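Below: the structure, in structure tokens.
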Amino acid sequence: MMNTTSWREWPSRSRWLESPHLRLATAKLGRPPRPPLIHLAMAAWRAPFDEASALLKEGKHFDGVQKINAAMELFETDIGQSGQRILKEPRAFLDEVAGGLAPQRKRALSDMYTVRADLLTGLGALKRALVELDCAALLAPNDGEVAAKRARVEKRAEAGDGTQQDGEGKIPVSVLTGFLGSGKTTLLNHILEANHGKRIAVIENEFGEVGIDDALVKGGSMAEEENIVEMNNGCICCTVRGDLITGLKKLAKSTKKTGKALDGVMIETTGLADPGPVAQTFFADDFV
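Under the UniProt record's numbering, the final residue of the sequence shown carries the number 288; numbering is consecutive throughout.
As structure tokens, then:
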């Protein structure tokens, strides 16, 4: 009669690898037992990496960067590291860990740096994209595709230095964020009231505890020198806002019509949400 044994009674994999029967069998075969395979498909970073790759194909570069960052942080944890140095100090990080990585992990990490470089290139961050491609090449020195991609990005970066004047007409934008009651609107009131000689457009949320003073909006010299757009139909922090894009376009056209260039734009967010989508808005429309 067959002897049945519950799975709890079977020896662990490590004990099985150390058993004398296995040592005897491998001695006869003349080779040591193979180490267990690294199942990269089951790794925690695989899902966000695949999502980042899909977002890259869809042209959603801002969202893709968030996903690839998450994937790389999980990869860092997976190999026993921490501190986000995989993103903050990639070259120093690789100098320390690359030598101890299995070939499969090197290939996977090279792919991650390549995808991140493609996403950053889509956002116009060419110099940082070159850093990512250098890391990818370090991990996969024989990958001709990485080398070719780096050459293309480097060429674009060099060409950008010669055409930087085209971007000099762009208006700098500052996003003002903080908790409710932290003084965001007070700062804006000060900027509007002070005699600093700058022409500043203000896009504000009327969700704060205190709104911008009506006297500054409706009257006095400030009404002539600053442009104020109120976004009171929901928080601009929650999603990519079409009305924010419309407001920015309106300001740009107004300044072009009057011939009075703006020195900057201040966008006040609320303390209720992550202001990240505000930044994403600037990548959602080519004009902006």
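C-beta atoms are modelled at their ideal positions from N, C-alpha and C, and glycine is treated no differently.
Here the structure is a predicted model, which is why all the values come from computation and not from measurement.
Have a look at the DSSP bridge pairing and note the partners of residue i.
i    : result
A108 : Note: A108 sits in no beta bridge, so no partner.
R174 : Sequence inspection shows Ser at residue 174; the Arg mentioned does not correspond to that position. M266, per the DSSP bridge assignment.
A157 : Answer is none; A157 lacks a bridge partner.
A70  : Answer by DSSP bridge pairing: none, since A70 is not bridged.
Would you give the residue range spanned by the alpha helix (DSSP H) that residue i belongs to?
i    : result
I86  : R85 to K88
I191 : K184 to E193
K60  : Element bounds for K60: n/a, residue is neither H nor E.
R128 : L126 to L139
Measuring straight from C-alpha to C-alpha, what distance separates residue i and residue j?
i    : j    : result
L126 : L188 : 33 Å
H61  : K184 : 30 Å
H196 : K249 : 25 Å
A194 : Q66  : 38 Å
R107 : Y113 : 10 Å
G264 : A137 : 40 Å
K260 : G181 : 33 Å
E51  : F282 : 22 Å
D63  : L55  : 7 Å
A159 : E58  : 26 Å
A157 : C135 : 18 Å
A147 : A117 : 12 Å
A279 : V173 : 10 Å
T255 : Q84  : 43 Å
C237 : F179 : With a pLDDT of only 49 at C237, under 50, the local geometry of the prediction cannot be trusted, and no value is derived from it.
S221 : K253 : Low confidence applies here, because S221 scores a pLDDT of 42, under 50, leaving its location unreliable; read the following figure in that light. If I take the Cα positions, the gap works out to 21 Å.
E96  : K155 : 30 Å
A70  : I191 : 37 Å
A43  : A151 : 32 Å
G80  : E145 : 29 Å
K257 : L94  : 52 Å
Under 8 Å between the Cβ atoms of residue i and residue j?
i           : j    : result
residue 331 : I68  : In this structure the chain extends from 1 to 288, so residue 331 is not present and cannot be described.
A98         : L139 : yes
L133        : K149 : yes
S110        : D143 : yes
L87         : P48  : no
T177        : T269 : yes
L244        : A201 : no
R128        : L120 : yes
A199        : L101 : Just to set this straight, residue 199 is Arg in the shown sequence, not Ala. For R199 and L101, no; Cβs fall outside 8 Å.
Among the options, whose alpha-carbon lies nearest the alpha-carbon of residue i?
i    : options                   : result
E76  : G183, P90 and G64         : P90
L130 : L139, R46, G83 and V153   : V153
M266 : L251, F282, E193 and V175 : V175
W45  : R105, D95, G100 and L101  : R105
M72  : K155, A157 and S53        : S53
G247 : E204, K155 and E145       : E204
P103 : P141, Q81, S82 and G80    : P141
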